[in-house]
Amino acid sequence: MSPPEQDGAGQPSEQWPVGPAEPTLADREVHVWRTRLDLPEPLARRYADLLDPEERTRAGRCRLPVERARFTAAHGALRTVLARYTGRAPADLRLHRTARGRPCLTPAPEPAGLDFNLSHSGGLALIAVTRTGTVGVDLEEVRTDLDHRAMAARFLGPAEARLIAGLPPAAGRYAFFARWTWREAFAKAADVPVPRRLGSGAPDTLPITVGRWKLNNLPLDNGYCATVAATASCAPPLRWTLN
5 MSPPEQDGAG QPSEQWPVGP AEPTLADREV HVWRTRLDLP EPLARRYADL LDPEERTRAG
65 RCRLPVERAR FTAAHGALRT VLARYTGRAP ADLRLHRTAR GRPCLTPAPE PAGLDFNLSH
125 SGGLALIAVT RTGTVGVDLE EVRTDLDHRA MAARFLGPAE ARLIAGLPPA AGRYAFFARW
185 TWREAFAKAA DVPVPRRLGS GAPDTLPITV GRWKLNNLPL DNGYCATVAA TASCAPPLRW
245 TLN
């Protein structure tokens, strides 16, 4: 497995256009929004004002200022996106988390059935939204400071670990992080622990179907891997940028 094709500016060859201010989410659709987290000060302050006390407490637990700022930006962006679908003010949205940490809206939005998921890593965040079943999204910055072969042996199935061990370092590193996003996205959609194996084989590319969920790759900037998992009957995800 090799990284997705990029254009000369380091952007994905498949574009993420600016998303609509009033998106329409049809049955069996999945929308994924991309947003950057290193923000100019006025926007950073505006996002910080949207957070509720629990989110501010969690942001305060971040050790480094850059981590705290990115956490705040990601959760402010989540509220901004959800407001577009619910018609509520971003700061008025009430969120709670399941026992495994999966976020939900309280009370349930109308029309009923809106499900969403957030992932952020490095300077990017992804927010996935659907009204058909549940959705999970995972984003990982491809880190060069980790032993990807050892991580694959520990966290992946034997066939995938062998495949990664046999690849050149750059391709192997990308393959490990890509497969990790597969598992995280699936686990978040299904609200289950992250599995060591996905099915009985070691597929090389997405999309793949695991139980009731289909996993799709999300092409991103150089240095990132991402996957979205949604009900298998859903169409391939629509991709937008939060402006």
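All the letters of the sequence shown, read from the start, carry residue numbers 5 to 247 under the working numbering.
Backbone N, C-alpha and C define an ideal beta-carbon position, used for all residues, glycine too.
>> What residue range does the alpha helix (DSSP H) around ARG177 cover?
In response: Its alpha helix (DSSP H) spans residues 173 to 194.
>> Buried or exposed, going by whether 16 or more other CB atoms sit within 10 Å of the CB of PRO241?
In response: With a threshold of 16 other beta carbon atoms within 10 Å, PRO241 meets it and is buried.
> Which partner residues does TRP217 have in the DSSP bridge list?
Replying inline: VAL214 and THR235
> Count the other CB atoms within 10 Å of the CB of PRO24; is the residue buried (16 or more) or exposed (fewer)?
Replying inline: exposed
> Is it the case that the Cβ atoms of CYS238 and THR136 are separated by a distance below 7 Å?
Replying inline: yes
>> When you compare the CB positions of PRO94 and LEU143, do they come within less than 7 Å of one another, or not?
In response: no
> How big is the Cα-Cα spacing for PHE75 and ARG83?
Replying inline: 13 Å
>> I need the boundaries of the alpha helix (DSSP H) containing VAL70, first residue and last residue.
In response: 69 to 90
> Just to confirm, are LEU210 and ASN221 a CB contact at a threshold of 7 Å?
Replying inline: In contact: LEU210 and ASN221 (Cβ atoms closer than 7 Å).
> For ALA229, does the count of other Cβ atoms within 10 angstroms reach 16, so buried, or fall short, so exposed?
Replying inline: In the sequence on display, residue 229 carries Cys and not Ala. Buried: at least 16 other Cβ atoms inside 10 Å.
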